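Participant:
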Amino acid sequence: MTELTVLGVETSCDETAAAVVRVVDGRVQVLSSVVASQIAEHAPFGGVVPEIAARAHVEAVDGVIAKAMADAGLDFSDLDGVAATAGPGLVGGVMVGLSAGKAIALARDLPLMAVNHLEGHAVSVRLTEQVDYPFLLLLVSGGHCQLLSVGGIGACRRLGSTIDDAAGEAFDKIAKTLGLPYPGGPALERLAESGDHERFSLPRALLGRKDCDFSFSGLKTAAARLAERLDNDADRRDLAAAVQLAIATQLAERSDRAMALYAHEQGGRGLRFVVAGGVAANRTVRAALEATAKARGFAFAAPAMAYCTDNAAMIALAGAERLALGLTDGLDAAARPRWPLDEQAARDNPTHLPGRKGAKA
Ligand code: KG4
Ligand code: ZN
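Those letters in the sequence shown? Residues 17 to 377, by the numbering used here.
1) Jot down the residue ranges of each uninterrupted alpha helix (DSSP H) in the segment 271-311, minimum 4 residues, whole runs only, in chain order.
2) Which of helix, strand or coil does DSSP assign to SER165?
3) For PRO353, tell me which candidate among LEU194, THR18, THR27 has the shortest Cα-Cα distance.
4) For PHE232, report the span of its beta strand (DSSP E) as first-last.
5) When you measure from the CB of SER93 to every non-hydrogen atom of ligand 2, does any distance come out below 6 Å?
6) Tell me the DSSP secondary structure of THR21 in three-state form.
7) So does ASP181 have its beta carbon nearer than 6 Å to some heavy atom of ligand 2?
8) Please report the residue range of the alpha helix (DSSP H) in which THR193 lies.
9) What is the residue span of the beta strand (DSSP E) that GLN45 lies within?
10) Beta-carbon within less than 7 Å of MET330's beta-carbon, same chain only, minus the 5 sequence neighbours each way: which residues are those?
11) Is SER177 near ligand 2, judged by its Cβ being under 6 Å from some heavy atom?
12) How about ALA328 and VAL25: are their beta carbons less than 7 Å apart?
13) Could you check how far apart the C-beta atoms of ALA69 and LEU106 are, in whole angstroms? I think they sit under 8 Å.
14) If you measure between the beta carbons of CYS172 and PHE230, is that distance less than 7 Å?
15) Does the segment 270-280 come within contact of the segment 231-250, defined as at least 3 CB pairs closer than 8 Å?
16) Round the Cβ separation of LEU154 and LEU305 to the nearest angstrom and send it over; I've been treating them as touching at under 8 Å.
17) Compare the Cα-Cα distances from GLN266 to each of GLY224, ASP251, GLY286 and report the closest residue.
18) Just list the residues that DSSP pairs THR101 with in beta bridges.
19) If you measure from each CB to the nearest heavy atom of ligand 1 and keep those under 5 Å, what residues do you get, in chain order?
20) Once you ignore the five residues that flank ARG302 on each side, which residues in its own chain have a CB closer than 8 Å to its CB?
21) Could you check the C-alpha separation between GLY286 and ALA86 for me, to the nearest Å?
22) Please go through the same chain and pick out, in chain order, the residues whose beta-carbon is closer than 7 Å to the beta-carbon of GLU57, but skip the five residues on each side of it.
23) Going by the beta-carbon positions, is the gap between VAL147 and GLY117 smaller than 7 Å?
24) On the DSSP bridge list, what partners appear for VAL39?
25) Is it buried or exposed for GLU185, if we count other Cβ within 10 angstroms and need 16 for buried?
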């Protein structure tokens, strides 16, 4: 029997999170998962303020880790390793969590795993479902929008990514023009619930293109122009519904393209499609992707809602999978504001920014 118990720490954006995950013979148990959100501190500014985030992480991180250990009913001596997000993200915040992880690793003589936040999102579905590698992944969050072929830990290849905004960033910015509070994605989804998505027609970017890239800036501008002229809630609900459908449609159409390419590469075997990241919490987006996957003969999987947005359970699991492969890091591991999962693709196509930008940055 192999059993690994790992503490994960996540501080790359506006959530201070810690979690303990145990993997027993490939079966995953989340023993605890604590997320302290800073939303209230950033809300007055309409987005995340890096200095406020870093200070809030410093204040919260020790208590959040202590709670994760207490909820799991464990002592540090019960751990086999410590995983901390080392990037990409707001570097002041990343340094806080990474330093906390290093301190525990040093004091308890435990291996450290410096985890890429995006790898955390990539494995997040495996916290609650048995999804084997390889799979095709759509990673959609506030800072990222990319399609990746995931062969396993450390084996990701990018098939496409956004040429401007990330999908979550588009949700957040359009929500702001509709007068909704930060973070805009969930608020826009609620507003859209009783809206008529056919009232407004919005541009559909890149549809039918052969590559797997995304673009949301045209939609953002069109929606902002329409929003300016609206003066009642019924109209705003209809626009929110149209925006949500336009984003879901683009995500599904680009994923459909990637599925066709991926199915060809895989010789039609082991076809699995996974969506992860904050935007995966959106029910219209999930439904559109699930329907697309089904039509292409792909099995569809998405993380439990709590593991779509930022959390430390996904970091602990990525750390445990790394530890099982002997992939540990020294205490000199650096915090990295930018850190593409597929370094080769980032070098080949530097216009496709691999790190965070926009509202979440
Ligand atoms: O994964 P995440 O927590 O942080 C990043 O790594 O970026 O994603 C946050 C993003 C935000 O842009 C937020 O508005 C979006 O995910 N989001 C949603 C929903 N829940 C979160 N977007 C649309 N609908 C939702 N229900
Ligand atoms: Zn994230």
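Backbone N, C-alpha and C define an ideal beta-carbon position, used for all residues, glycine too. As the structure is a computational prediction, the values presented were derived from the model and not from experiment.
Facilitator: According to the data block:
1) Listed in chain order, the complete alpha helix (DSSP H) runs (minimum 4 residues) inside the segment 271-311 are 299-311.
2) strand
3) THR27
4) From DSSP, PHE232 is part of no beta strand (DSSP E); its letter is neither H nor E.
5) No, ligand 2 has no heavy atom inside 6 Å of this Cβ.
6) strand
7) In this structure, ASP181 has its CB at a distance of at least 6 Å from all heavy atoms of ligand 2.
8) 183-193 is the extent of the alpha helix (DSSP H) around THR193.
9) 43-53
10) GLY136, HIS137, VAL139, SER140, LEU143, TYR323
11) no
12) yes
13) At roughly 6 Å, the Cβ-Cβ gap stays under 8 Å, so ALA69 and LEU106 are in contact.
14) no
15) no
16) 7 Å
17) Its Cα nearest to that of GLN266, the residue GLY224 stands out among GLY224, ASP251, GLY286.
18) VAL131
19) SER157, GLY158, GLY159, GLY184, PHE187, ASP188, PRO199, GLY201, PRO202, GLU205, GLY293, GLY294, VAL295, ALA297, ASN298, THR325, ASP326, LYS376
20) Closer than 8 Å at Cβ, skipping near neighbours: VAL291, ALA296, ALA318.
21) Cα to Cα, GLY286 sits roughly 40 Å from ALA86.
22) ILE68, ALA72
23) no
24) LEU20, VAL44
25) buried
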